[in-house]
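Peer 1: Have a look at this one.
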Amino acid sequence: SSRFRYSLADEFKVSIEDVTAFVLGGHGDSMVPLVRYSTVAGIPLPDMIKMKWTTAERVDAIVDRTRKGGGEIVGLLGNGSAYYAPAESAIEMAKSYLKDKRRVLPCAARVSGQIAGVRGLYVGVPVIIGRRGVEKILNLRLKKDEREAFLQSVAHVESLMADCTKMDPDLKD
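Throughout, the numbering used here is defined as the position within the sequence shown, counted from one, plus 5.
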C-alpha cells in the first residue's frame, strides 16, 4: 500500500499524508491495488479521473508499477527493498496499538470470510488496529474483477505456502 500511496502522491503532486489507498492480497505481482477505494484529500480516484486531474491510462500505469515496483527497486539497488516500507508500516501499527488510535491500516491479517469468502489465511486487508490489536477487518464489497484478482492473489499465496511446506513439513503446524 505504501508504494501505491507514494505513486499517487507523486502523480497528483500532494503529500502522501493526503492519499488513502489499499492493496489487497499477497505481495508482488499478484497484489490488488483498489483504485475505487483510493482517495486524494478525500476525493475518490475515479472522480479525480472524471475531473481530468489524471487519466485512466496513467492510473493503470501506477497500478502496474505498484505491482511490479519491487522488482524495479531490486534492479536499481541490486538487492531487496522490502524493509523500508514494512518498517514504517510496523511503526504505524505499533502507534495505533499502543495509543489505541483505532487507525484503519493495511495489514496481513487472518481472514474468516470478510472479503470474497476467503477463510483461514493471512492476506493483506484493511483493518482497524487498536489496543486489542486487529480489532476488525473491513468487509469490502468487491466488484467482479476486483474479487477475481483478489482470489488469484490468494491462490498465489496458497501456492507459496504449499511450496514452503514441501521444503519444511513442520511449517504446516
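Glycine included, every Cβ here is placed at the ideal spot set by N, Cα and C. Computed from a prediction, not measured in an experiment: that's the story for all the values here.
1. Can you tell me whether DSSP reads residue 63 as helix, strand or coil?
2. Is the beta carbon of residue 10 less than 7 Å from the beta carbon of residue 26?
3. Have a look at residue 48 and residue 173 and give me their C-alpha separation to the nearest angstrom.
4. Taking the Cβ atom as the reference point for each residue, do residue 142 and residue 110 lie within a distance shorter than 7 Å?
5. Going by DSSP in three states, residue 6 sits in which element: helix, strand or coil?
6. Excluding the five sequence neighbours on either side, which residues of its own chain have a C-beta within less than 7 Å of the C-beta of residue 151, listed in chain order?
7. Which residues does DSSP list as the beta-bridge partners of residue 214?
8. Quick one: grab the DSSP three-state call for residue 79.
9. Cutting at 6 Å between CB atoms, please list the residues of its own chain near residue 81, excluding the five before and the five after it.
10. Report, in whole angstroms, the separation of the C-beta atoms of residue 120 and residue 103, which I expect to be a contact under 8 Å.
11. What does the Cβ neighbour count give for residue 131, buried or exposed, with the cut at 16 atoms within 10 Å?
12. Just to confirm my understanding: we take residue 73, look at its own chain, exclude 5 residues before and 5 after, and list those with CB closer than 8 Å. What are they?
13. Per DSSP, which one or two residues make a beta bridge with residue 44?
Peer 2: If we stick to the structure as given:
1. Residue 63 sits at position 58 when you count from the first residue of the sequence shown. Helix.
2. Numbered from its first residue, the sequence shown carries residue 10 at position 5. Numbered from its first residue, the sequence shown carries residue 26 at position 21. A contact, by the Cβ cut-off of 7 Å.
3. Here residue 48 refers to the residue found at position 43 when the sequence shown is read from its first residue. Here residue 173 refers to the residue found at position 168 when the sequence shown is read from its first residue. For residue 48 and residue 173, the distance between alpha carbons rounds to 47 Å.
4. The sequence position of residue 142 within the sequence shown is 137, counting from 1. The sequence position of residue 110 within the sequence shown is 105, counting from 1. Judged by their CB atoms, residue 142 and residue 110 are not nearer to each other than the 7 Å cut-off.
5. The residue given as residue 6 occupies position 1 in the sequence shown. If DSSP states are grouped into helix, strand and coil, residue 6 belongs with coil.
6. Residue mapping note: residue 151 aligns to position 146 of the sequence shown, counting from 1. Answer for residue 151: 37 and 39, listed in chain order.
7. Limits of the chain in this structure are 6 at one end and 178 at the other, which puts residue 214 out of reach.
8. The count along the sequence shown starts at 1 and reaches residue 79 at position 74. Low per-residue confidence applies at residue 79: pLDDT is 49, beneath 50, and the placement is therefore not dependable enough to give any value.
9. Locating residue 81 in the sequence shown gives position 76, where the first residue counts as 1. For residue 81, the predicted model reports a pLDDT of 49, less than 50, meaning its position is unreliable and no value from the coordinates is stated.
10. Locating residue 120 in the sequence shown gives position 115, where the first residue counts as 1. Locating residue 103 in the sequence shown gives position 98, where the first residue counts as 1. Actually they are not in contact, since the Cβ atoms of residue 120 and residue 103 sit about 27 Å apart, beyond 8 Å.
11. In the sequence shown, residue 131 corresponds to position 126, counting from 1. Residue 131 comes out buried.
12. Residue mapping note: residue 73 aligns to position 68 of the sequence shown, counting from 1. Once the five neighbours on either side are set aside, the close Cβ partners of residue 73 are 34.
13. Within the sequence shown, numbered from 1, the residue matching residue 44 stands at position 39. Its beta-bridge partners are 25 and 49.
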